[in-house]
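**Student:** Would you mind keeping the following structure in view while I ask a few things?
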Amino acid sequence: MHISGPSKKVKLDWETRLKIAIGAAQGLAYLHHDCNPRIIHRDVKSSNILLDENFEAHLSDFGIAKCISPAKTHASTYVLGTIGYIDPEYARTSRLTEKSDVYSFGIVLLELLTGRKPVDNESNLHQLILSKADDNTVMEAVDAEVSITCMDMGLVKKAFQLALLCTKRHPSDRPSMHQVALVLVTLLPAPSSKPSMAAPKPTDYTQYLAAGPVVKANAKHDSSSLSDGQWFVRFGEVISKSSL
């Protein structure tokens, strides 16, 4: 998926970008919650999200994916990934969890919203958005194509806030990918008489994994996460503060 830089060939409108985000989020939620053992992708980035002719998003490149048994809360491992997307807490402690993927997804979401690369020369996208959030000017960073095609910029604002939740410093403060996917779906436009874009169907990723046997199971949420209801309340509190 190329959404930034001179290689950008296709202009992506707001609904298409949202659809891409939902597809990627649902794919990660499947790996984290529906696979046994659960799977951490470990290299979530825009170039590892493939788009088909309908702009359906599919995760790719599972070369450094890590399986974690249900009995373990994390894996201690060498830090691998791509600069600009690596969870700083994972880089600091070498403790890999699902929340490491959540952080990386948050960076991808910022890319979709701004059309900027995570690291460009000396510029860091995450730090830029944090500084703009402090100044209440984050909406100035929205990609022009998003501004033109989104009929409700309040939805874009919520997406920014979700991205900042995903990239919280402490992993325990980040939502699960299941929760992220649920929130993103709520940002889809309301149904109307005009055909609208539906949420993409999750892809079965087991065919791409060579890290060991993977079987589909009932979705499991890590015990440290809030329930969906609790987290939606917290998300509602965050977005009601109009902090961006």
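Take the sequence shown: its position 147, counted from the start at 1, is 168 in the numbering used here, and no numbers get skipped. Ideal Cβ positions, reconstructed from N, Cα and C, are used throughout, including at glycine.
Closest to Pro192 by CA distance: which of Leu134, Tyr111 and Glu132 is it?
**Tutor:** The shortest C-alpha separation from Pro192 is found at Tyr111.
**Student:** Does Ile104 pass the burial test, meaning 16 or more other C-beta atoms within 10 Å, or should it be called exposed?
**Tutor:** Answer is exposed; the Cβ neighbour count stays below 16.
**Student:** In the DSSP output, what is Cys88 paired with across the bridge?
**Tutor:** In the DSSP output, where bridge partners are listed per residue, Cys88 has Ile60.
**Student:** Check this for me: beta carbons of Leu209 and Leu33, under 9 Å apart or not?
**Tutor:** Not closer than 9 Å, so no.
**Student:** In three-state DSSP terms, what is Leu52?
**Tutor:** Here Leu52 sits in helix by DSSP.
**Student:** Give me, in chain order, the residues of the same chain whose beta-carbon lies closer than 7 Å to that of Lys153; leave out the 5 immediate sequence neighbours on both sides.
**Tutor:** Once the five neighbours on either side are set aside, the close Cβ partners of Lys153 are Val159, Glu161 and Ala162.
**Student:** Between the alpha carbons of Leu131 and Ser81, how many angstroms are there, rounded?
**Tutor:** Distance between the alpha carbons of Leu131 and Ser81: 19 Å.
**Student:** Please report the residue range of the beta strand (DSSP E) in which Ile104 lies.
**Tutor:** Segment: none, Ile104 is in no beta strand (DSSP E) and carries neither H nor E.
**Student:** State the Cα-Cα distance for the pair Arg116 and Leu101, rounded to the nearest angstrom.
**Tutor:** Cα to Cα, the separation comes out at about 11 Å.
**Student:** Do you know how far the Cα of Ala42 is from the Cα of Leu133?
**Tutor:** The straight-line gap from Cα to Cα measures roughly 8 Å.
**Student:** Within the chosen definition, does the region 143-152 reach the region 83-91 through at least 3 CB pairs nearer than 8 Å?
**Tutor:** Flag = no, the region 143-152 and the region 83-91 do not touch.
**Student:** Between the alpha carbons of Pro212 and Pro139, how many angstroms are there, rounded?
**Tutor:** Using only the alpha carbons, I get a separation of about 34 Å.
**Student:** For the beta strand (DSSP E) holding Ala78, just list the boundary residues, first then last.
**Tutor:** Ala78 -> beta strand (DSSP E) spans Ala78 to Leu80.
**Student:** To test your reading of the DSSP string, which unbroken alpha helix (DSSP H) runs of 4 or more residues are found completely within the region 167-206?
**Tutor:** For the region 167-206, whole alpha helix (DSSP H) runs of length 4 or above, ordered along the chain, are 174-187.
**Student:** Pop quiz: Asp122 and Ile61 are said to be a contact at Cβ under 8 Å. What is the actual Cβ separation, rounded to whole angstroms?
**Tutor:** The Cβ separation is near 6 Å, so the contact holds.
**Student:** From what residue to what residue does the alpha helix (DSSP H) around Leu134 run?
**Tutor:** It spans Glu119 to Thr135 - the alpha helix (DSSP H) in which Leu134 sits, taken as one unbroken run.
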